[in-house]
Amino acid sequence: MKALRTLDRWIVKLEEHILSYSIILIAIMVVGNVISRAVVGSSWAFHQEVSRFAVTVATFMGISYAARKGRHISMSAFYDLAPYPIRKALAIFIPALTAVVLFTLSVFAYGYFMSLVESGRVTTAMQVPVYLFAMFIPVGLVLGGIQFLRNMWVNIKEKEVYLAQEKKDYS
Amino acid sequence: ACGSEDAGTDGGTVDEGAGDDGAAAETYNWQFVTEEVQGQVQYEYAAEFAELINEKSDGQINIDVFEFGQLGSEVDQVEQLQNGIVEFAIVSPGFTGGMVAEGQVFALQFLFPDDQEVTQEILNTSEALNTHLAGMYEAHNIKPLAFFTEGAMQWTGSSQLRTPADFENFKMRTQESPLIMESYRAYGADPSPLSWSELYTSLDRGVVDGQENPIFFIEDASFHEVQDHMTISNHNNYVAMTTVNPDFYNGLPEDIRALIDETVEEMQPRVFEMQAEMNEALLESIENDTANPTEVYELTEEEREAFRELALPVRDFFRDEVVGDEGREMLELLEEEIAAQQ
Amino acid sequence: MIATMLTIMIVLLILGFPMMIPMIAASIVVVLFFMPNVDPMFLVQQMMEGISSYVLLAVPLFIFAADIMSTGKTSKRLLDFVGAFVGHLRGGYAITTAAACTLFGSISGSTQATVVAIGTPMRKRLLSVGYKDSSAIALIINASDIALLIPPSIGMIIYALAAPRVSVGDLFIAGIGPGLLIFGMFAIYSYIHAKIYNIPRAKKYSWKERWNVTVKALFPLGFPAIIVGGIYFGIFSPTEAAGISVLYALILELLIFRTIKIPDVPRIALSTGLVTSAVFILVAAGQAFSWLISYARIPQMLTETVLGSDPTALQVLLIVAIFFFIGCMFVDPIVVILILTPIFYPAAMAAGVDPIHLGIVIVFQAALGSATPPFGVDIFTASAVFNKSYLDVIKGTPPYIVMLLIASVLIILFEEISLFLL
Ligand code: NA
Ligand code: NA
Numbered sequence: 001m002k003a004l005r006t007l008d009r010w011i012v013k014l015e016e017h018i019l020s021y022s023i024i025l026i027a028i029m030v031v032g033n034v035i036s037r038a039v040v041g042s043s044w045a046f047h048q049e050v051s052r053f054a055v056t057v058a059t060f061m062g063i064s065y066a067a068r069k070g071r072h073i074s075m076s077a078f079y080d081l082a083p084y085p086i087r088k089a090l091a092i093f094i095p096a097l098t099a100v101v102l103f104t105l106s107v108f109a110y111g112y113f114m115s116l117v118e119s120g121r122v123t124t125a126m127q128v129p130v131y132l133f134a135m136f137i138p139v140g141l142v143l144g145g146i147q148f149l150r151n152m153w154v155n156i157k158e159k160e161v162y163l164a165q166e167k168k169d170y171s
Numbered sequence: 172a173c174g175s176e177d178a179g180t181d182g183g184t185v186d187e188g189a190g191d192d193g194a195a196a197e198t199y200n201w202q203f204v205t206e207e208v209q210g211q212v213q214y215e216y217a218a219e220f221a222e223l224i225n226e227k228s229d230g231q232i233n234i235d236v237f238e239f240g241q242l243g244s245e246v247d248q249v250e251q252l253q254n255g256i257v258e259f260a261i262v263s264p265g266f267t268g269g270m271v272a273e274g275q276v277f278a279l280q281f282l283f284p285d286d287q288e289v290t291q292e293i294l295n296t297s298e299a300l301n302t303h304l305a306g307m308y309e310a311h312n313i314k315p316l317a318f319f320t321e322g323a324m325q326w327t328g329s330s331q332l333r334t335p336a337d338f339e340n341f342k343m344r345t346q347e348s349p350l351i352m353e354s355y356r357a358y359g360a361d362p363s364p365l366s367w368s369e370l371y372t373s374l375d376r377g378v379v380d381g382q383e384n385p386i387f388f389i390e391d392a393s394f395h396e397v398q399d400h401m402t403i404s405n406h407n408n409y410v411a412m413t414t415v416n417p418d419f420y421n422g423l424p425e426d427i428r429a430l431i432d433e434t435v436e437e438m439q440p441r442v443f444e445m446q447a448e449m450n451e452a453l454l455e456s457i458e459n460d461t462a463n464p465t466e467v468y469e470l471t472e473e474e475r476e477a478f479r480e481l482a483l484p485v486r487d488f489f490r491d492e493v494v495g496d497e498g499r500e501m502l503e504l505l506e507e508e509i510a511a512q513q
Numbered sequence: 514m515i516a517t518m519l520t521i522m523i524v525l526l527i528l529g530f531p532m533m534i535p536m537i538a539a540s541i542v543v544v545l546f547f548m549p550n551v552d553p554m555f556l557v558q559q560m561m562e563g564i565s566s567y568v569l570l571a572v573p574l575f576i577f578a579a580d581i582m583s584t585g586k587t588s589k590r591l592l593d594f595v596g597a598f599v600g601h602l603r604g605g606y607a608i609t610t611a612a613a614c615t616l617f618g619s620i621s622g623s624t625q626a627t628v629v630a631i632g633t634p635m636r637k638r639l640l641s642v643g644y645k646d647s648s649a650i651a652l653i654i655n656a657s658d659i660a661l662l663i664p665p666s667i668g669m670i671i672y673a674l675a676a677p678r679v680s681v682g683d684l685f686i687a688g689i690g691p692g693l694l695i696f697g698m699f700a701i702y703s704y705i706h707a708k709i710y711n712i713p714r715a716k717k718y719s720w721k722e723r724w725n726v727t728v729k730a731l732f733p734l735g736f737p738a739i740i741v742g743g744i745y746f747g748i749f750s751p752t753e754a755a756g757i758s759v760l761y762a763l764i765l766e767l768l769i770f771r772t773i774k775i776p777d778v779p780r781i782a783l784s785t786g787l788v789t790s791a792v793f794i795l796v797a798a799g800q801a802f803s804w805l806i807s808y809a810r811i812p813q814m815l816t817e818t819v820l821g822s823d824p825t826a827l828q829v830l831l832i833v834a835i836f837f838f839i840g841c842m843f844v845d846p847i848v849v850i851l852i853l854t855p856i857f858y859p860a861a862m863a864a865g866v867d868p869i870h871l872g873i874v875i876v877f878q879a880a881l882g883s884a885t886p887p888f889g890v891d892i893f894t895a896s897a898v899f900n901k902s903y904l905d906v907i908k909g910t911p912p913y914i915v916m917l918l919i920a921s922v923l924i925i926l927f928e929e930i931s932l933f934l935l
């Protein structure tokens, strides 16, 4: 158990670093290109590709972090109005099915990643393999799926309703 | 009204026909994806191709044509063709340069002759393209059936572009491709890759000073409204390929394959005519747009020569940095074929 | 197939699933059970495609800049400046918010970026002077709509490409009338709303006090000046302006006000990343979904059924309005414009609709659809950025929906509203 908890702490740290440095990277690329073009007169050919990479990484690696913090957007009208037993049942069912969907999608994402590995296609500007861009998608989806399973588990274990592992429903 | 029967779920498959004369009554539903929209060369080509095939097959073959934007980016479309979920695609080699680097040969400037008809003739008959280059695409599960030009590429600018000196410190919007960027560096310009969706505004405000495109596209995207000068430079051609998924194609009965081949061949002069008419008419419309005056200038043979000289070393960049031995041989053969036509 | 897809989406949505799931689950089920020849990996290809548009980069960058400025002093000083001049007026802050959204939108061209960049600071101030959060948010997401109508509008550039022989310049001019119409409606509403709810007015500042506030806001005022000036003088593009605003915010807060230190920057970026992910995963899911319905040619089937033969100009425009409105509830407006325009354009021309007028109706409906429930990228963005539940975000929107519907009827019926400046 203790090892798992340590692993979990490591994963959170990793997710936090990936998320924040992706955003910083986008800012550096866009600003750097403007300055280079305006001052030196030469554009950074790679700035669009690096930014696109960072956006992809942030989006998919953020699934699990947003799930942990209960920040995924949902339409909760029915949920909010439902009586406790139904809300409790939903609090278990929703993350469970969400995890199933994400795991399924991660299988397809792995398939897409492998097809890019096989095609050997490289990007236009940097001439690096395109599969590098898609690599984080299956990983992010699996981590996201695991996090939703934990959101489900906390609702099975505890009496209160949790919107996410780290977010109790106070209503 | 669920529509699952004809909703693209049966792409490339054969349906049981309603008639009772066996194989002859089989019907086909295929998808044809293009990189352009209505009124532009690729889409109009595909639409006419679909109509012709439908007529010739007495309605047995139905082709749905997709405009750009419906199935994702150009590269997405190519992947869908390779996978066979669309049967036909028009592909410009520029977008597949990451896979078949040799396709970037069309980005070389002042390689093909100035004369469009001669250029198209080379595209039709060249062994370097139709055998060598086509073979490289087939190795990636893309079968080119024909090459055609959508028109010569032209320059537009906020200032006049007649000599290499005019490109000094000129911010030229290009694709992200190293070869294209190298081509403009050779003239002394600052190549600036910029997202297409921001190009109109950026030309208007001077973030970049100029761009390159065929005439029909310049007019369609209204770039002439925010540019004062256009140079008929014919520095290279916007070349596209009619392609098909090879597994699908090879699996077809021989008569159907012959029908496709015949139609592709018939379309070659048609698409040449189409692009010529379109580019001519739209050039006129740019010249007649008095609200947004654009000075149109055609390079003289001497002026072309000055650019050609600077563009020649870029072929070394192509040979050394872009392709391998196969590509070098292809370029050599192509250069011979072009020389033979002149 | 359509029935299965809709059922899955609606049921999962109502149960309160994270909003990416209804779209993804419906797409997966359709591919697996109705399209045996389609490899489901293309759903992933399209999710990746959905977030790879360069213009979308403005969203995380503006969120980042807004996060930095609201952590430090920039945001507060800018708002103090605004307050000193309009705080004493009835509905002053609300009208200023609407004006700021219009101006900013005209620069960034993106409704989502506007929600973030103007919404984040203005919402705080609106709350502090007594507005309900639901009214504040509703005002912000709806006023941000105007962004698509005022040049340089990305929506119009995309329409011009999809519609043969339409001038981008003409579209830009034609958007001004409808943009001002909506701004006017919102301003009048803000005034009446403030009167009815008796929103307290701040004391009137003396000119000396105003001077003091202005001096304090001098550096922060460089923010709009640099953005507008940089784009106008062609130093950077609208998307790049988002990056420059991050740079300027960092210079102010790190070097001049010294309210944050270098180690704080990754922490702020983390919160930006979290919001970006929550919004972009929906953009990604929307793209996969839209690819699927395009591949199945559902829009073509539906329009053929609905348009029938020989529709009148008014019929075409009404159907266009409905289709774009619905389409943009699910998918990014840019994608919808690219997909649906070619389908309607020929019928509209045959019915004698002016192509510029058609463009304005389309762009306006696209903007409207992205700010109205149930789906709407602006709603998602507001929900993520303000950390409010979906319901809280849409609670205050009904009055705006009514106004926008009126505006949309006017714009459809009277083409002069769009064409009078041409
Ligand atoms: Na156009
Ligand atoms: Na002009």
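Protein chains in written order, with the numbering used here: chain A, 1 to 171; chain B, 172 to 513; chain C, 514 to 935. Even glycine gets a Cβ: it sits at the ideal position worked out from N, Cα and C.
Per-residue contacts from residue i into chain B (C-beta, under 8 Å)
i: Ser119 of chain A; result: Glu250, Gln253, Met270, His311
i: Phe749 of chain C; result: Val378
Residue i: contacting residues in chain C (beta-carbon distance under 9 Å)
i: Asp80 of chain A; result: Gly529, Ser902, Leu904
i: Val208 of chain B; result: Leu674, Ala675, Ala676, Pro677, Leu851, Thr854, Pro855
Interface residues of chain C facing residue i [CB-CB closer than 8 Å]
i: Leu105 of chain A; result: Ile537, Ile541, Leu556, Val557
i: Val101 of chain A; result: Ile534, Ile537, Ala538, Ile541
Opening and closing residue of the beta strand (DSSP E) in which residue i lies
i: Asp361 of chain B; result: 361 to 364
i: Lys314 of chain B; result: 314 to 328
i: Glu383 of chain B; result: 381 to 385
i: Met412 of chain B; result: 408 to 415
i: Asn200 of chain B; result: 198 to 204
Boundaries of the alpha helix (DSSP H) in which residue i is found, first to last residue
i: Lys342 of chain B; result: First-last for Lys342 of chain B: 342 to 345, but that is the beta strand (DSSP E), not the alpha helix (DSSP H).
i: Val262 of chain B; result: Here Val262 of chain B belongs to no alpha helix (DSSP H); instead the beta strand (DSSP E) covers 259 to 262.
i: Leu163 of chain A; result: Leu163 of chain A -> not in any alpha helix (DSSP H); beta strand (DSSP E) instead, spanning 162 to 164.
i: Ile534 of chain C; result: 533 to 547
Residue i to residue j span [Cα, whole Å]
i: Leu831 of chain C; j: Ser228 of chain B; result: 39 Å
i: Thr785 of chain C; j: Ile23 of chain A; result: 7 Å
i: Leu569 of chain C; j: Lys645 of chain C; result: 30 Å
i: Arg356 of chain B; j: Val130 of chain A; result: 26 Å
i: Glu176 of chain B; j: Met514 of chain C; result: Note that Glu176 of chain B scores a pLDDT of 36, beneath 50, so its modelled location is shaky and nothing firm can be said.
i: Tyr710 of chain C; j: Gly632 of chain C; result: 21 Å
i: Gln213 of chain B; j: Phe555 of chain C; result: 24 Å
i: Thr334 of chain B; j: Glu433 of chain B; result: 44 Å
i: Gly193 of chain B; j: Glu219 of chain B; result: Confidence at Gly193 of chain B is low in this model, with a pLDDT of 46, below 50, so the placement of that residue should be treated as unreliable; the coordinate-derived value is given next. Taking the straight line joining both Cα atoms gives about 29 Å.
i: Asn312 of chain B; j: Asp337 of chain B; result: 43 Å
i: Ile541 of chain C; j: Val435 of chain B; result: 36 Å
i: Phe103 of chain A; j: Val142 of chain A; result: 6 Å
Under 7 Å by beta carbon: chain A residues contacting residue i
i: Ile564 of chain C; result: Val55, Thr56, Thr59
Cross-chain neighbours of residue i in chain B, by beta carbon under 7 Å
i: Ala109 of chain A; result: Simply none; closest approach about 14 Å.
i: Asp552 of chain C; result: Asn254, Ile256
Beta-carbon separation (whole angstroms), residue i vs residue j, contact threshold 8 Å
i: Met532 of chain C; j: Ser64 of chain A; result: At roughly 17 Å, the Cβ-Cβ gap does not stay under 8 Å, so Met532 of chain C and Ser64 of chain A are not in contact.
i: Leu90 of chain A; j: Leu528 of chain C; result: 6 Å
i: Glu172 of chain A; j: Gly62 of chain A; result: This structure leaves residue 172 of chain A out entirely; chain A is present only between 1 and 171.
Within chain E, partners of residue i - CB distance below 9 Å
i: Ala392 of chain B; result: Absent from the structure: chain E. Protein chains present are A, B and C.
What residues in the region 338 to 352 of chain B have a beta carbon less than 8 Å from any beta carbon of chain A?
-> The region 338 to 352 of chain B vs chain A, Cβ under 8 Å: Asn340, Lys342, Gln346, Glu347, Ser348, Pro349, Met352.
Report the residues of the region 17 to 45 of chain A with a CB closer than 7 Å to any CB of chain B, ordered along the chain.
-> Sequence-ordered contacts of the region 17 to 45 of chain A with chain B read Arg37, Gly41, Ser42, Ser43, Ala45 [C-beta pairs closer than 7 Å].
Could you name the residues of the region 573 to 588 of chain C whose beta carbon sits closer than 7 Å to any beta carbon of chain A, in the order they occur along the chain?
-> Residues of the region 573 to 588 of chain C with a C-beta atom less than 7 Å from some C-beta of chain A are Pro573, Leu574, Phe577, listed in chain order.
Going along the region 710 to 728 of chain C in order, which residues come within less than 9 Å of chain B, judged by CB to CB distance?
-> Sequence-ordered contacts of the region 710 to 728 of chain C with chain B are nonexistent [C-beta pairs closer than 9 Å].
Against chain B: residues of the region 639 to 668 of chain C by CB proximity under 9 Å | Listed by position, the residues of the region 639 to 668 of chain C near chain B (Cβ gap below 9 Å) are Pro664, Pro665, Ile667.
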